[in-house]
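Student: I'd like to ask you about the structure that follows.
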Amino acid sequence: MFAYAAAAPPAGELFPVRERADRPKSLDLSLKIKTALGKALKECPHRNAYEVAAAMSELLGREITADALYAYTAPAKPEHEISLLRFVAFVRVTGAWWLWDELVEDDGLIVMQGREAHLAQLGLLQQHRQSIEEQIKALQRELKERPVTVAPRRGSR
61 MFAYAAAAPP AGELFPVRER ADRPKSLDLS LKIKTALGKA LKECPHRNAY
111 EVAAAMSELL GREITADALY AYTAPAKPEH EISLLRFVAF VRVTGAWWLW
161 DELVEDDGLI VMQGREAHLA QLGLLQQHRQ SIEEQIKALQ RELKERPVTV
211 APRRGSR
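Residue 61 is where the sequence shown starts when you use my numbering, and the numbers rise one by one after that.
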């Protein structure tokens with residue numbers, strides 16, 4: 061999905077920060093999905109629609125035709141919507157992993173692939189460490205301003 065250079069990009073550029081979109085009660089992703097599928101099919105580097113359909117057929121164990129793919133990508137054919145199972149096969153065959161991100165972005169979510177999650181985890185741990193360091197410094201300042209005298213305990217030698 062992403063290739064990382066040795067130098068870290070500026071904060072906020074690696075993973076987009078999203079907020080959930082205010083949406084009306086009706087949920088119509090049809091045009092968005094059809095457009096994204098069409099783009100993925102066009103950009104598929106090593107396969108045309110017939111080859112994608114054949115590979116999907118093999119993966120699913122049922123026939124998928126190039127005409128079906130064209131129907132899934134045609135805004136003028138709202139009655140032809142791709143099923144989730146076929147969507148999964150399409151993504152795997154085309155390698156268009158970014159399609160998952162297209163599905164969830166309106167909900168303020170982001171899809172990370174593989175080790176990208178480690179980058180997010182690292183950022184979270186660094187935030188925790190910074191918070192702990194700030195708490196330690198605050199306690200050190202407070203103790204410096206008002207030192208604590210530890211009273212001797214009974215029975216201790």
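We put the beta carbon where it would ideally sit given N, CA and C, even for glycine.
1) Between Thr95 and Ala113, is the Cβ-Cβ spacing less than 7 Å?
2) Mapping the DSSP letters down to three states, classify Val208 as helix, strand or coil.
3) How many Å lie between Glu162 and Arg206 at the Cα?
4) Which runs of the alpha helix (DSSP H) fall wholly inside the stretch 108–194 and span at least 4 residues, in chain order?
5) What did DSSP end up calling Leu89 once you bin it into helix, strand or coil?
6) Is there contact between the stretch 100–107 and the stretch 151–158, where contact requires at least three CB pairs shorter than 8 Å?
7) In three-state DSSP terms, what is Ala96?
Tutor: According to the structure data:
1) no
2) coil
3) Approximately 55 Å, taken between the alpha carbons.
4) 109–120, 126–132, 144–154 and 158–164
5) coil
6) Segment contact: the stretch 100–107 against the stretch 151–158, three or more CB-CB distances shorter than 8 Å; contact assigned.
7) In the three-state scheme derived from DSSP, where H, G and I count as helix and E and B as strand, Ala96 is classed as helix.
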